[in-house]
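Reading through the structure tokens given below for one structure.
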């Protein structure tokens, strides 16, 4: 049996073309990145002809850079050293628990790590990732615990006149249970789609872990696509593969919020859910926080839990249109109807910090209750993953 | 409203670090690859400091190369030409309908296309892809038709002593129908996992399209993980992210085949399926063809449809062990029990061609009926996708 396996593998190698052989060689021989016991991380790149190789990523301290707009934080860079056989190497300082991203710069050209097949797309770029475990980052890992299911399916949206793709997490045991479950509607930011929270946000890993630890209630998490001109994410909808854009028309003009009832209706008629206010939560990041603000206000007696993660706070008093009109009046109505949690989180260096402060002042003035979490850092996924780990344990308790 | 949107977007740009700004610039401005009206494809790369840029991929004709093992087919390469603003460009010949892959070679270094976020992992490498539509490649596209659902979930395998991840395609209308459905068990090759057929194989797109065209019956497609030492694909199982290997221990020693009943049991107790032989099909590529051969023989009255796509034909008469013993006897039993289709497909230049010929001779000698399809090309996904489009319309008719 062993002999046959070796024969077949030699044959595989024989028929692979040279390029593939080289890739296979690299794949078999170069480990990169390697998270070491002491939490340092070793990066390696096979680039025998390169004259300079650097690594850059959010695991390195930022550096101050001069720009035409004045001094700004720039990405840290570190030099790899060329070793034997054309393999370049760099070992980091010990790193704290986190999901990090990085790329290589080979002779000035930015590139992915060919030895690391784990990449996540963010808007139009795919970036390599790695996780240093421990602490909160263990919530991002797949552990040997019961797992929920993740389904990509399509729902009919009469309000938008199309079938639309949606991602749904159901908790461990959902399929075989007879119970009904509460629902969190979890919304992405500008440039995102129904893949954002499940891929960049590690939603299924976070929920599996928090549920296994007894820290979050078993819940269904619904991740819709907030770009009303798309039926599905780039590559997954009927426009197929195209260059994803950060600016997508009509994402913040009220169309999505106005048609959100289609999503609730779909979920409540297709899943075993507790279809009442006390079992509905809605949260989102950036533009998704903006959507959360408006959806929860526009359907003012629908959700008991709101999460605004680094929310865009728009539009202001000058806005018009069905969804955005009567802002103050409907917000007051939402308050008067009552709810269990209005949770606002933002990083100290987020460019939306001032707008959020202004919004909190407004809530204070009208005595609308909320909880506020201020974190380090800016407008980044690292924060939004952590906010999700903080917000979900507060739901449906 | 427009003004606010512009303000917020300017703010976004301001806070992005220089690296991200550069990426955003590239993302916004460089379209690559661009499939043109005349089916030529334009590749572009922003690399102002590079001295030579080439593109290589399976859309280019192969070239003869001298190797230590003699002349072999090598990957074609084409030179990009440097234009204004550091953007390199190459326009291909008109291409036939297909899903292609490619990479760039920048000053001798192989790299992904930073303007194309669509990549698929194959074993340990992530490669850029694009589709030229028309003909059979339209089956690989997402079209505006009813869509099935794709679920990643976990099942209990007592035979392997662990919970294991599995990918399940349910056809359009499954969730709201009261019907029961037939099931195709679709198995990956060496180095693959429960992500292979859904990502590299375009299974959901192919099934959605064939079902919409009335060419395939609505069916459930179950894509398990055939590597018995894994609970899930690399990055998705409890070993989390690590270097995927082509050679995985215990994948061809009978353990998987012996525990396959766990998968059937899971499917038939968790989905509305027609649980009888005439509504069960099994197929696989390469190692998955090997598994198909043995599973359908080891459970000899279970499947009415078998598909061996470029199947590894092993072991031979000298094999022992529970699953592999009594090869001839159990094969004859499978024949005597009867079935509707035993479908064998292979490419003319596949390194397993001779082994398949030998196997067909064996079937001929024992008068075991089968259908045989011989295609161009070798041991490649391009063939396996096409085999799936040919095999599934034959099922459950």
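Protein chains in written order, with the UniProt record's numbering: chain A, 1 to 397; chain B, 1 to 397. Every residue, glycine too, gets a C-beta built ideally from N, C-alpha and C.
Span separating the alpha-carbon of residue 76 of chain B from that of residue 341 of chain B
As a working mapping, residue 76 of chain B is identified with position 76 in the second chain. As a working mapping, residue 341 of chain B is identified with position 341 in the second chain. Rounded to whole angstroms, residue 76 of chain B to residue 341 of chain B spans 38 Å at the Cα level.
Buried versus exposed, by CB contacts within 10 Å (16 or more), residue 115 of chain A
As a first step, residue 115 of chain A must be located in the first chain, where it is residue number 115. It is buried - the Cβ of residue 115 of chain A has at least 16 other Cβ atoms within 10 Å.
For chain B, is any of its Cβ atoms less than 8 Å away from the one on residue 203 of chain A?
Stepping through the first chain from its first residue, residue 203 of chain A is reached at position 203. No, no contact with chain B.
Check distances from the C-beta atoms of the region 147-166 of chain B to those of chain A and list, in chain order, the residues that come in under 9 Å.
147, 148, 149, 150, 151, 152, 153, 154, 162, 163 and 165
Please return the same chain residues whose Cβ sits closer than 7 Å to the Cβ of residue 249 of chain A, not counting the five positions on each side in sequence.
On the first chain, position 249 is the one that residue 249 of chain A refers to. For residue 249 of chain A, where only same-chain residues beyond five positions count, the Cβ hits under 7 Å are 229.
Whole-angstrom distance between residue 299 of chain A and residue 275 of chain A, CA atom to CA atom:
In the first chain, counting from the first residue as 1, residue 275 of chain A sits at position 275. In the first chain, counting from the first residue as 1, residue 299 of chain A sits at position 299. Near 14 Å, if we compare the C-alpha coordinates of residue 299 of chain A and residue 275 of chain A.
Check the DSSP bridge columns for residue 73 of chain A and list the partner residues they point to.
Looking up residue 73 of chain A in the first chain gives position 73. Per DSSP, A/64.
Which value, in whole angstroms, describes the spacing of the CA atoms of residue 226 of chain B and residue 254 of chain B?
In the second chain, residue 226 of chain B corresponds to position 226, counting from 1. In the second chain, residue 254 of chain B corresponds to position 254, counting from 1. Roughly 11 Å between the two C-alpha positions.
Could you check whether the region 201-214 of chain B touches the region 143-160 of chain B, counting it as contact only if at least three pairs of C-beta atoms, one from each stretch, sit closer than 8 Å?
yes
Cα-Cα separation between residue 39 of chain A and residue 195 of chain B, rounded to whole angstroms
Within the first chain, numbered from 1, the residue matching residue 39 of chain A stands at position 39. Within the second chain, numbered from 1, the residue matching residue 195 of chain B stands at position 195. Cα to Cα, residue 39 of chain A sits roughly 30 Å from residue 195 of chain B.
Do residue 185 of chain B and residue 282 of chain B have their C-beta atoms within less than 8 Å of each other?
Mapped onto the second chain, residue 185 of chain B falls at position 185. Mapped onto the second chain, residue 282 of chain B falls at position 282. Yes, the pair counts as a contact, with Cβ atoms nearer than the cut-off.
Segment limits, alpha helix (DSSP H) that includes residue 274 of chain A:
The sequence position of residue 274 of chain A within the first chain is 274, counting from 1. Premise fails: residue 274 of chain A is in no alpha helix (DSSP H) and is neither H nor E.
Express the C-alpha separation of residue 271 of chain A and residue 238 of chain A in angstroms, rounding to a whole number.
Position 238 of the first chain holds residue 238 of chain A. Position 271 of the first chain holds residue 271 of chain A. Residue 238 of chain A and residue 271 of chain A: Cα-Cα distance of roughly 26 Å.
CB contact below 8 Å: residue 101 of chain B versus chain A
One-based indexing of the second chain puts residue 101 of chain B at position 101. With 8 Å as the cut-off, residue 101 of chain B does not count as an interface residue toward chain A.
Please report the distance separating the alpha-carbon of residue 24 of chain A from that of residue 169 of chain A.
For the purposes of this step, residue 24 of chain A is taken as residue 24 along the first chain, with counting starting at 1. For the purposes of this step, residue 169 of chain A is taken as residue 169 along the first chain, with counting starting at 1. The predicted position of residue 24 of chain A is uncertain, since its pLDDT is 47 and thus under 50; no value can be drawn from it.
From residue 246 of chain B to residue 284 of chain B, what does the alpha carbon distance come to, in whole angstroms?
Your numbering for residue 246 of chain B matches position 246 in the second chain. Your numbering for residue 284 of chain B matches position 284 in the second chain. The alpha-carbon atoms of residue 246 of chain B and residue 284 of chain B are separated by roughly 17 Å.
Measuring only the C-alpha atoms, how far is residue 9 of chain A from residue 273 of chain A?
Residue numbering aside, residue 9 of chain A sits at position 9 when the first chain is read from its first letter. Residue numbering aside, residue 273 of chain A sits at position 273 when the first chain is read from its first letter. Only weak support is given to the placement of residue 9 of chain A: the predicted model assigns it a pLDDT of 49, under 50, and the question is left unresolved by the model.
Under 7 Å, CB to CB, which of the residues in the region 365-390 of chain A have a partner in chain B?
378 and 379
Does the separation of the CB atoms of residue 374 of chain A and residue 348 of chain A fall below 8 Å?
Indexing the first chain from 1 puts residue 374 of chain A at position 374. Indexing the first chain from 1 puts residue 348 of chain A at position 348. Against a cut-off of 8 Å, the Cβ pair of residue 348 of chain A and residue 374 of chain A comes out as a contact.
Along the beta strand (DSSP E) that carries residue 156 of chain A, what are the first and last residues, could you check?
Along the first chain, one-based indexing puts residue 156 of chain A at 156. Segment 149-157, the beta strand (DSSP E) holding residue 156 of chain A.
Determine, for residue 346 of chain B, whether the minimum Cβ-Cβ distance to residues of chain A falls below 8 Å.
Your numbering for residue 346 of chain B matches position 346 in the second chain. So, not an interface residue.
Under 9 Å Cβ-Cβ, which residues of chain B neighbour residue 47 of chain A?
Here residue 47 of chain A is taken as the residue at index 47 of the first chain, counted from 1. Those are 108 and 109, listed as they occur along chain B.
For residue 308 of chain B and residue 354 of chain B, what's the separation of their Cα atoms in angstroms?
Looking up residue 308 of chain B in the second chain gives position 308. Looking up residue 354 of chain B in the second chain gives position 354. When rounded, the distance between both Cα atoms is 15 Å.
Let me see if you follow: with CB-CB separation under 8 Å, is residue 96 of chain A close to chain B or not?
Here the question's residue 96 of chain A lines up with position 96 in the first chain. No, residue 96 of chain A does not count as interfacial toward chain B.
C-alpha distance - residue 179 of chain A paired with residue 396 of chain A, whole-angstrom precision:
For the purposes of this step, residue 179 of chain A is identified with residue 179 of the first chain, where counting begins at 1. For the purposes of this step, residue 396 of chain A is identified with residue 396 of the first chain, where counting begins at 1. Rounded to the nearest angstrom, the two C-alpha atoms are 15 Å apart.
Flag residue 284 of chain A as yes if its beta-carbon sits less than 8 Å from any beta-carbon of chain B, otherwise no.
Residue 284 of chain A sits at position 284 when you count from the first residue of the first chain. Cβ-Cβ to chain B under 8 Å: no for residue 284 of chain A.
Tell me the rounded alpha-carbon separation between residue 15 of chain A and residue 74 of chain B.
One-based indexing of the first chain puts residue 15 of chain A at position 15. One-based indexing of the second chain puts residue 74 of chain B at position 74. Caution applies to residue 15 of chain A, whose pLDDT of 45 falls short of 50 and renders its modelled position unreliable; the value that the coordinates give is listed next. One C-alpha to the other measures close to 10 Å.
Do you know how far the Cα of residue 161 of chain A is from the Cα of residue 57 of chain B?
As a position in the second chain, residue 57 of chain B is number 57, starting the count at 1. As a position in the first chain, residue 161 of chain A is number 161, starting the count at 1. Approximately 39 Å between the Cα atoms of the pair.
What is the rounded straight-line gap between the Cα of residue 7 of chain A and the Cα of residue 252 of chain B?
Here residue 7 of chain A refers to the residue found at position 7 when the first chain is read from its first residue. Here residue 252 of chain B refers to the residue found at position 252 when the second chain is read from its first residue. Interpretation of residue 7 of chain A is limited by its pLDDT of 47, a score under 50 that renders its predicted location unreliable; the figure taken from the coordinates is listed afterwards. Distance between the alpha carbons of residue 7 of chain A and residue 252 of chain B: 13 Å.
Residue range of the unbroken beta strand (DSSP E) whose run includes residue 303 of chain A
Here residue 303 of chain A is taken as the residue at index 303 of the first chain, counted from 1. Note, residue 303 of chain A: premise wrong, no beta strand (DSSP E); not H, not E.
Residue 46 of chain B bridges to which residues according to DSSP?
Within the second chain, numbered from 1, the residue matching residue 46 of chain B stands at position 46. According to DSSP, which records beta bridges pairwise, residue 46 of chain B is partnered with B/87.
Three-state class that DSSP yields for residue 250 of chain B in the structure shown
As a working mapping, residue 250 of chain B is identified with position 250 in the second chain. In the structure shown, residue 250 of chain B sits in coil (DSSP, three-state: anything other than H, G, I, E or B).
Enclosing alpha helix (DSSP H) for residue 270 of chain B [first to last residue]
Within the second chain, numbered from 1, the residue matching residue 270 of chain B stands at position 270. First-last of the alpha helix (DSSP H) with residue 270 of chain B: 260-270.
Is the beta carbon of residue 117 of chain B less than 8 Å from the beta carbon of residue 124 of chain A?
Indexing the second chain from 1 puts residue 117 of chain B at position 117. Indexing the first chain from 1 puts residue 124 of chain A at position 124. Closer than 8 Å, so yes.
Decide if residue 17 of chain B is buried, meaning its Cβ has at least 16 other Cβ atoms within 10 Å, or exposed.
The residue given as residue 17 of chain B occupies position 17 in the second chain. Summary for residue 17 of chain B: the model assigns pLDDT 45, below 50, so the residue's position carries little reliability; its value from the coordinates is reported in the next sentence. Residue 17 of chain B comes out buried.
Under 9 Å, CB to CB, which of the residues in the region 210-244 of chain B have a partner in chain A?
231, 232, 234, 235, 236, 237, 238, 239, 240, 241, 242, 243 and 244
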